[in-house]
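Q: Could you have a look at this structure, given as structure tokens, before my questions?
Numbering (this note's numbering), first residue to last: 34 to 173.
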């Protein structure tokens, strides 16, 4: 990962992370980057001092991140097991089921499933908020 200080044509400066310098160049060339302040798409890298770290310290940081990742994954797996045990799976019928309960208000049955981005947007326009949970595989 690499952090760049970015500057738009209107002189706004901000920082952003990229996988590498090639990723920044590709995204910028395609016009997919924009200023967080004015939405200008003309973005340049600004001068920034590099971060230098000691190799031992870097390995310790990586080890700490791996431990944090494993702990968070355990929490997500625990949450998934709880949902699977206590909620009914409705699959792709989620948006229909949500509307039934939202407008009926008599039924408070708990369920989970999947919705397309378009369905999520339609539900949001109706005032219905969904909660997305990262669905971590239990196997790996």
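For glycine and all other residues, C-beta sits at the position ideal for the given N, C-alpha and C.
1) From residue 130 to residue 158, what distance separates their C-alpha atoms?
2) Name the residue from 70, 139, 76 whose alpha carbon lies nearest to the alpha carbon of residue 64.
3) Within 10 angstroms of the Cβ of residue 120, are there 16 or more other Cβ atoms? Answer buried if so, exposed if not.
4) Which of helix, strand or coil does DSSP assign to residue 35?
5) So, with DSSP's three-state summary, where would you put residue 15?
6) According to DSSP, residue 50 sits in a beta bridge with which residue or residues?
7) Let's test the definition: count the other Cβ atoms within 10 Å of the Cβ of residue 164 and tell me whether it reaches 16, buried, or not, exposed.
8) Using the rule of at least 16 other Cβ atoms within 10 Å of the residue's Cβ for burial, across every protein chain shown, is residue 127 buried or exposed?
9) To which residues of the same chain is residue 52 closer than 8 Å at the C-beta, ignoring the five residues directly before and after it?
10) If you run the structure through DSSP and keep just helix, strand and coil, what is residue 162?
11) What residues are listed by DSSP as bridge partners for residue 121?
A: In brief:
1) 16 Å
2) 76
3) exposed
4) strand
5) In this structure the chain extends from 34 to 173, so residue 15 is not present and cannot be described.
6) 36
7) Exposed: under 16 other Cβ atoms inside 10 Å.
8) Flag for residue 127 reads buried.
9) 34, 35
10) coil
11) 144
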